[in-house]
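Using the working numbering, you'd call the opening residue of the sequence shown number 305 and step up by one each time. For every residue, glycine included, the Cβ atom is placed at its ideal position computed from N, Cα and C. Okay, so here's the structure we're looking at.
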Amino acid sequence: MENPLKNLSKLTDFFKSKEISAIGIDIGSSFIKVVQLKKKGGKAILETYGELALGPYADLAVGQMTNLSAEKLAEAIADILKESNITTKNAALSIPFSASLVSMIQLPKLSEGQLDSIIPIEARKYIPVPIGEVSIDWWVVPHPDEYEGADGEPVDIKNQKIDVLIAAIHSETVSKYQDVVNRVQLENIFFEIEMFSTIRSTFGHDMKLVMVLDMGAGTTKLSIVEYGVVKSSHSVGRGSQDITLSLSKSLGVSMEEAEKIKREHGLLEQNGNNQIKETISLSTDYIFSEINRVLLNYERKFSKTIGKVVLTGGGVLLPGFRDKAKEMLKAEIVYGDPFSKVEAPAFLEGLLKEAGPEFAVAIGLALRKLQDV
Numbered sequence: 305m306e307n308p309l310k311n312l313s314k315l316t317d318f319f320k321s322k323e324i325s326a327i328g329i330d331i332g333s334s335f336i337k338v339v340q341l342k343k344k345g346g347k348a349i350l351e352t353y354g355e356l357a358l359g360p361y362a363d364l365a366v367g368q369m370t371n372l373s374a375e376k377l378a379e380a381i382a383d384i385l386k387e388s389n390i391t392t393k394n395a396a397l398s399i400p401f402s403a404s405l406v407s408m409i410q411l412p413k414l415s416e417g418q419l420d421s422i423i424p425i426e427a428r429k430y431i432p433v434p435i436g437e438v439s440i441d442w443w444v445v446p447h448p449d450e451y452e453g454a455d456g457e458p459v460d461i462k463n464q465k466i467d468v469l470i471a472a473i474h475s476e477t478v479s480k481y482q483d484v485v486n487r488v489q490l491e492n493i494f495f496e497i498e499m500f501s502t503i504r505s506t507f508g509h510d511m512k513l514v515m516v517l518d519m520g521a522g523t524t525k526l527s528i529v530e531y532g533v534v535k536s537s538h539s540v541g542r543g544s545q546d547i548t549l550s551l552s553k554s555l556g557v558s559m560e561e562a563e564k565i566k567r568e569h570g571l572l573e574q575n576g577n578n579q580i581k582e583t584i585s586l587s588t589d590y591i592f593s594e595i596n597r598v599l600l601n602y603e604r605k606f607s608k609t610i611g612k613v614v615l616t617g618g619g620v621l622l623p624g625f626r627d628k629a630k631e632m633l634k635a636e637i638v639y640g641d642p643f644s645k646v647e648a649p650a651f652l653e654g655l656l657k658e659a660g661p662e663f664a665v666a667i668g669l670a671l672r673k674l675q676d677v
């Protein structure tokens with residue numbers, strides 16, 4: 305995506321500032337996205353952003369999934385930082401959902417010191433790899449009634465049990481990304497699982513039960529969120545590249561041509577020739593059936609209705625995807641609008657709103673990093 309902030313001299317005064325900036329780097333399987341923000345007067349100001357396809361770094365077409373070495377990833381990051389006119393080394397990087405495990409567990413109400421001791425033991429029940437192979441973090445989740453009582457004051461709920469959110473990341477992934485960071489010479493680095501970055505950039509004061517649907521190249525990630533806290537997370541093993549692959553086989557065209565067809569036509573009607581729509585529907589129907597299964601299971605288990613779905617990730621920009629989601633999920637469907645969390649020139653408003661779902665992770669990372677600088 306061409307960066308419209310680049311080479312615009314009239315924005316020089318707007319962006320020329322001594323305030324400390326921060327960048328969010330979203331490393332996906334097919335693209336890298338970067339966003340640079342600065343904090344001024346308590347507000348986050350957009351300085352620049354950009355994206356770069358990773359396929360060419362593995363001799364593949366744009367949009368195809370990759371599994372690059374640390375050396376190649378560092379090369380790609382260095383390129384996107386240069387092309388996007390990034391001027392700071394203060395960075396936060398995303399950890400892919402596939403390299404992490406997030407689980408909500410219930411424990412007796414204990415002191416923080418006691419929890420520090422018991423959580424690694426309890427985590428063994430939920431983490432399917434040896435504890436020594438992962439890095440673990442955890443948070444006590446406030447009871448819903450602790451947010452605000454009937455009289456508007458916080459309420460102290462003395463429950464016998466507490467909910468604890470556990471996040472585990474494969475140590476191998478952290479080591480690889482640390483190697484990448486060292487090669488690019490980034491500073492004060494911060495790693496975060498991508499779903500938390502997305503929630504930060506797409507949620508406001510909405511406390512009702514919401515599902516975040518993040519469609520990437522290889523998978524579609526689902527996060528059920530209440531009071532801004534992840535209650536449940538799931539992964540569907542299909543994404544936008546599966547659509548491209550299906551089109552390539554069905555139409556007898558290259559992956560590069562299939563990617564162009566997918567982005568141009570998507571699920572829209574094609575003047576009597578519905579081969580493209582029907583081919584794409586094979587993948588999207590499966591994805592939506594899995595999403596519905598997750599929704600129904602959660603609603604039955606907790607007797608709560610998920611009435612809103614937030615769309616993020618590049619895959620949701622498929623033409624006709626939102627209308628299909630409305631039809632299949634029977635819920636309010638909205639695109640994530642992470643750029644609404646930052647200030648930017650008014651003439652970019654339409655473009656940023658359109659690109660928003662793709663940059664949810666990168667913006668969430670940059671917002672988090674701004675808290676540290």
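- Within the stretch 383-446, the beta strand (DSSP E) runs of at least 3 residues that lie entirely inside it are, in chain order, 394-399, 404-412, 438-445.
- Beta-bridge partners assigned by DSSP to residue 472: 405, 440.
- The stretch 431-439 makes no contact with the stretch 485-492; the number of CB pairs closer than 8 Å stays below 3.
- In this structure, the beta-carbon distance from residue 608 to residue 636 does not fall below 7 Å.
- Taken in chain order, the whole alpha helix (DSSP H) runs of length 4 or more contained in the stretch 518-600 are 544-555, 559-569.
- DSSP places residue 328 inside the beta strand (DSSP E), whose first and last residues are 325-331.
- By alpha-carbon distance to residue 401, the top candidate from 326, 415, 524, 358 is 524.
- Burial state of residue 583 is buried, judged by a 10 Å Cβ sphere holding 16 or more other Cβ atoms.
- Between the stretch 529-537 and the stretch 566-575 there are fewer than three inter-stretch CB-CB distances shorter than 8 Å, so the stretches are not counted as touching.
- Per DSSP, the beta bridge partners of residue 515 are 528, 613.
- In terms of CA proximity to residue 354, 330 leads the group 330, 430, 573, 369.
- Classified as buried, residue 528 has 16 or more neighbouring CB atoms from the shown chains inside 10 Å of its CB.
- Between residue 620 and residue 398, the C-beta gap is not smaller than 7 Å, which leaves the two residues out of contact.
- Around the beta-carbon of residue 552, 16 or more other beta-carbon atoms lie within 10 Å, marking it buried.
- Judged by DSSP secondary structure, residue 354 falls outside any alpha helix (DSSP H) and instead within the beta strand (DSSP E) spanning 347-357.
- For residue 467, DSSP records a beta bridge to 410, 445.
- Annotation: residue 542 to residue 592 spans about 11 Å, alpha carbon to alpha carbon.
- In the three-state DSSP reduction, residue 495 falls in the strand class (E or B).
- The bridge partners DSSP lists for residue 633 come to none.
- Relative to the Cα of residue 376, the nearest Cα in the group 363, 387, 388, 367 belongs to 363.
- Residue 428 is classed as exposed because its beta carbon has fewer than 16 other beta carbons within 10 Å across all chains shown.
- The beta-carbon distance between residue 326 and residue 677, rounded to whole angstroms, is 5 Å. This is short enough to meet the 8 Å contact definition.
- Of all C-beta pairs linking the stretch 657-671 to the stretch 501-508, three or more are shorter than 8 Å, placing the two stretches in contact.
- Annotation: the continuous beta strand (DSSP E) that includes residue 339 extends over 335-344.
- The beta carbon of residue 444 is closer than 7 Å to those of 466, 468 in its chain, skipping five residues each way along the sequence.
- Residue environment for residue 650: exposed (fewer than 16 other C-beta atoms within 10 angstroms of its C-beta).
- Put simply, the backbone Cα of residue 574 is about 24 Å away from that of residue 519.
- Remark: C-beta atoms of residue 338 and residue 388 approach each other more closely than 7 Å.
- Here the C-alpha atom of residue 409 lies approximately 20 Å from the C-alpha atom of residue 496.
- At least 7 Å separates the beta-carbon of residue 648 from that of residue 328.
- A residue is called buried once 16 or more other Cβ atoms fall within 10 Å of its Cβ, and residue 417, having fewer, is exposed.
- For residue 653, the uninterrupted alpha helix (DSSP H) segment begins and ends at 653-659.
- Straight across, the Cα-Cα distance linking residue 581 with residue 477 is about 37 Å.
- Here residue 634 is exposed. Its C-beta has fewer than 16 other C-beta atoms within 10 Å.
- For residue 392, the number of other beta carbons within 10 angstroms of its own is at least 16, and it is reported as buried.
- Residue 638 has 614 as its beta-bridge partners, per DSSP.
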